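> Have a look at this one before I ask anything.
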Amino acid sequence: MVIKVFVATSSGSIAIRKKQQEVVGFLEANKIDFKELDIAGDEDNRKWMRENVPGEKKPQNGIPLPPQIFNEEQYCGDFDSFFSAKEENIIYSFLGLAPPPGSKVTKSESQEKKEEEGEDGEEGEEGEDS
Numbered sequence: 001m002v003i004k005v006f007v008a009t010s011s012g013s014i015a016i017r018k019k020q021q022e023v024v025g026f027l028e029a030n031k032i033d034f035k036e037l038d039i040a041g042d043e044d045n046r047k048w049m050r051e052n053v054p055g056e057k058k059p060q061n062g063i064p065l066p067p068q069i070f071n072e073e074q075y076c077g078d079f080d081s082f083f084s085a086k087e088e089n090i091i092y093s094f095l096g097l098a099p100p101p102g103s104k105v106t107k108s109e110s111q112e113k114k115e116e117e118g119e120d121g122e123e124g125e126e127g128e129d130s
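Here the sequence shown is numbered in the UniProt record's numbering, starting from 1 and rising by one per residue.
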């Protein structure tokens with residue numbers, strides 16, 4: 001499984017460049033295999049990324065900005081969800097990867113807490129799906 005990080009190498013936005021650098025730097029530092037795919041210079045990459053970010057994860061204008069992270073074809077998230085997973089120490093489950101051998105990460109407290117909150121939050125979501 002290869003993690004795909006969609007980036008814009010010629011982005012004029014400093015904020016986007018910093019977010020891309022943080023994601024790529026973290027993956028490199030943790031020796032997580034990934035592939036950078038440029039959406040600025042490759043129309044096919046841009047089209048694929050835009051079509052495969054789930055509708056509920058797209059901004060109001062409908063155009064997701066880089067970085068966007070996938071595990072092969074499976075959408076993982078954007079920078080904000082990556083950052084949250086990193087802070088909660090659940091980055092491997094966020095990326096859809098098994099924790100590295102010898103790591104202390106099996107099922108973190110934050111992941112268990114998130115699952116509990118998900119059960120509580122289901123009541124209010126029923127009306128939204130209809």
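Glycine included, C-beta positions come from ideal geometry on N, C-alpha and C.
Source: prediction; values computed, not measured.
Whose C-alpha, out of Lys18, Val23, Pro64 and Lys19, is nearest the C-alpha of Leu95?
Minimum Cα distance to Leu95 is reached at Val23.
> Quick one, which of Ala29, Arg46, Glu28 and Val2 has its alpha-carbon nearest Thr9's?
Arg46
> Just confirm the distance between the C-beta atoms of Leu27 and Ile3, as a whole number of angstroms; I'd bet it's less than 8 Å.
Their Cβ separation, rounded to whole angstroms, is 7 Å, which keeps Leu27 and Ile3 in contact under 8 Å.
> Less than 7 Å between the C-beta atoms of Pro67 and Lys19, yes or no?
yes
> Kindly indicate the opening and closing residues of the beta strand (DSSP E) around Lys35.
Phe34 to Asp38
> What span of residues does the beta strand (DSSP E) with Gln20 cover, start to end?
Per DSSP, Gln20 is not a residue of any beta strand (DSSP E); the alpha helix (DSSP H) it occupies stretches across Ile14 to Ala29.
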